[in-house]
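Chemist: Here the protein sequences line up with chains A and B, keeping their order.
Using the working numbering, read the first sequence as starting at 440 and increasing by one per residue.
Using the working numbering, read the second sequence as starting at 440 and increasing by one per residue.
Heads up, the beta-carbon is just placed ideally off N, CA and C, and yes, glycines get one too.
2 protein chains.
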Amino acid sequence: MPMRKSSTSCCAPVLAGRLEAKQAEELAETFRALGDPGRLRLLSFLAAQPGGEACVCNLTGPLGLSQPTVSHHLKVLTEAGLLERERRATWIYYRLRLERLGELCAALIPPKRLARSIQRRAASAGS
Amino acid sequence: MPMRKSSTSCCAPVLAGRLEAKQAEELAETFRALGDPGRLRLLSFLAAQPGGEACVCNLTGPLGLSQPTVSHHLKVLTEAGLLERERRATWIYYRLRLERLGELCAALIPPKRLARSIQRRAASAGS
DNA sequence: GGAATCCATCGACACCTGTCAATATCGACC
DNA sequence: GGTCGATATTGACAGGTGTCGATGGATTCC
């Protein structure tokens, strides 16, 4: 029955959601980090590198963004747990954290469903 | 070698990323839709419903948000392709589009890696 | 037709965010 | 120590976003 006062019901009451406010806030923060084209392209660049890593001086050029902007994006991604930072001599390397991406997928889709979806995709297209 | 003028190189030049500006913009728009706790909780509520659907009157209560705000979030999610809208008599039902979530996972992690990750997760915890 | 209900849109507001130029910080090397 | 090159931080600005009250449209029921 509906939440309020109607006499005729439209559907069963929604269960108390699995996702509580606090967890929702945390997850949202991570997805917000993915919600910018520049940051997605940074991740893409890193993924294309052997080892999934690169130093900043190689990231600032191709995106057409200024160095401070790239630095800002890298910070956002790092704070979201999507990148690791490591200093080597003068340069600073950022590396993809694939486990974190896996966690996000798991949050989006229950593992069972995901496994099924994977099988289906693998079956249809042999990529 | 670095992009600019240094004499000593720091790493190999970053390949032209797989993700072009246009695709990045589209993907980012979808992730931005997931970047709000209220919207994530809406998705969670829907996922907890049999059939993954519910009418608006059941969604506006539990979140502590006003009806216009919920309506706004539902619009954003629908435009991102994450929800389907269907009218039934007076009520309007929104339903999860799981395929779209699968697409997002595929965009985050190459299918091969994802399959491996799934196997690992299934092996460690039998959830 | 009129009233009632459900949902969407509008207008307004505070706040957050992406961007850059300028400046600061931090290491390496001389 | 001083200089230089690589990143980070700051300050400022325009534009985007979440939120709500008020209003409008659509549909059912009397």
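Sort out for me which residues DSSP pairs Cys-494(B) with in a bridge.
Modeler: To locate residue 494(B), count along the second sequence from 1; it is residue 55. Looking at the DSSP assignment, Cys-494(B) forms a beta bridge with Tyr-532(B).
Chemist: Relative to the alpha-carbon of Ile-531(B), which residue among Asn-497(B), Thr-469(B) and Leu-458(B) has its alpha-carbon at the smallest distance?
Modeler: Start at 1 with the first residue of the second sequence, and residue 531(B) comes out as number 92. Here the closest residue by C-alpha is Asn-497(B).
Chemist: Would the segment 497 to 507 of chain B and the segment 456 to 465 of chain B be scored as touching if the rule is three or more Cβ pairs under 8 Å?
Modeler: no
Chemist: Is Pro-476(B) buried or exposed, if buried means 16 or more other CB atoms sit within 10 Å of its CB?
Modeler: On the second sequence, residue 476(B) is found 37 positions in, with the first residue counted as 1. Answer is buried; the Cβ neighbour count reaches 16.
Chemist: In chain order, what residues of the same chain have a beta carbon less than 8 Å from the beta carbon of Gly-490(A), not counting five sequence neighbours either side?
Modeler: Position 51 of the first sequence, counted from the start, is the residue given in the question as residue 490(A). Cβ within range, chain order: Arg-534.
Chemist: Within a Cβ cutoff of 6 Å, which residues of the same chain sit near Val-495(A), ignoring the five residues on either side of it in sequence?
Modeler: Walking along the first sequence from the start, residue 495(A) turns up at place 56. So the list reads Ile-531, once near-sequence residues are dropped.
Chemist: With Leu-513(B) and Leu-473(B) assumed to form a contact (beta carbons below 8 Å), what rounded beta-carbon distance in angstroms separates them?
Modeler: Along the second sequence, read from residue 1 onward, the residue named residue 513(B) stands at position 74. Along the second sequence, read from residue 1 onward, the residue named residue 473(B) stands at position 34. So it is not a contact: roughly 14 Å between Cβ atoms.
Chemist: Could you spell out where the alpha helix (DSSP H) holding Glu-459(A) opens and where it closes?
Modeler: Taking the first residue of the first sequence as 1, we reach residue 459(A) at position 20. No alpha helix (DSSP H) contains Glu-459(A), which DSSP labels as neither H nor E.
Chemist: Candidates Leu-479(B), Glu-459(B), Leu-458(B) and Thr-469(B): which alpha carbon is nearest Ala-460(A)'s?
Modeler: Within the first sequence, residue 460(A) is the residue found at index 21, counting from 1. Selected option, being the one with the closest Cα: Leu-479(B).
Chemist: Please classify Ala-528(A) as buried or exposed, where buried requires at least 16 other C-beta atoms within 10 Å of its C-beta.
Modeler: For the purposes of this step, residue 528(A) is identified with residue 89 of the first sequence, where counting begins at 1. Counting Cβ neighbours within 10 Å, Ala-528(A) comes out exposed, since fewer than 16 surround it.
Chemist: Which residue comes first and which comes last in the beta strand (DSSP E) that contains Leu-504(B)?
Modeler: Stepping through the second sequence from its first residue, residue 504(B) is reached at position 65. No beta strand (DSSP E) contains Leu-504(B), which DSSP labels as neither H nor E.
Chemist: Does the CB of Ser-483(B) have a neighbour CB from chain A at under 9 Å?
Modeler: Looking up residue 483(B) in the second sequence gives position 44. By this cut-off, Ser-483(B) is an interface position.
Chemist: Return helix, strand or coil for Leu-540(B), following the three-state DSSP convention.
Modeler: One-based indexing of the second sequence puts residue 540(B) at position 101. If DSSP states are grouped into helix, strand and coil, Leu-540(B) belongs with the helices.
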